[in-house]
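Structural data, given as structure tokens:
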């Protein structure tokens, strides 16, 4: 097993996550269907019609692939940008919140249906050699190199 080291050269602090050890199946076709259905959805808070924020988009993709909606614990608590900031700040930020419910993995090992984060702090879905996130005008695909970190269920 590879020994992980953080950017400051220290080993990572062990994080107890809710889904570690849970065995889930993966439906490889489900992610494509999920993304196709949401191709024209725009960025928006609150889960309104044809909108979703990056956390809801990522969590929905994971649910489509595995049947587990890992980020609902957080996304169900906000309906606005200010609400999302309040909730995520209480959990130490987006990356820390995701790490509470998903297992952090090396971005190079992320599989189709895993969640990643870009340098801008946006959550994206791993599609294969690309990652997919939501923008104000719909879904945006970026090269996998855009990943800063990743998580799996």
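Residue numbers (our numbering): 777 to 929.
We treat Cβ as the ideally placed atom computed from N, Cα and C, and that holds for glycine.
- Residue 880 places its beta carbon 8 angstroms or farther from that of residue 924.
- Secondary structure note for residue 917: its beta strand (DSSP E) is the uninterrupted segment 914 to 919.
- Close CB contacts of residue 874 within its chain, under the 6 angstroms cut and outside five residues either way in sequence, are with 927 (chain order).
- No Cβ-Cβ contact shorter than 8 angstroms links residue 818 with residue 807.
- Considered as a whole, the segment 867 to 915 harbours 879 to 881, 891 to 894, 899 to 902 and 906 to 911 as its complete beta strand (DSSP E) runs of no fewer than 3 residues, in chain order.
- In this structure, residue 893 sits near residue 871, with a CB-CB distance shorter than 8 angstroms.
- Spatial neighbours of residue 848 in its own chain (CB-CB distance under 7 angstroms, excluding positions within 5 residues in sequence) are listed in chain order as 835.
- Residues of the same chain with a CB within less than 6 angstroms of the CB of residue 845, apart from the 5 flanking positions on each side, are 835 and 839 in chain order.
- Within the DSSP secondary-structure output, residue 928 pairs in a beta bridge with 879.
- The beta-carbon separation of residue 821 and residue 842, rounded to 24 angstroms, does not stay under the 8 angstroms limit for a contact.
- When 861, 883, 813 and 913 are compared, the shortest CA-CA separation from residue 906 is found for 883.
- Burial of residue 837 is indicated by the presence of at least 16 other C-beta atoms within 10 angstroms of its C-beta.
- Non-local C-beta neighbours of residue 803 in its own chain, meaning closer than 7 angstroms and more than five positions away in sequence, comprise 841, ordered along the chain.
- Note: residue 923 is bridge-paired with 894 in the DSSP secondary-structure output.
- Between residue 900 and residue 909, the CB-CB gap stays under 8 angstroms.
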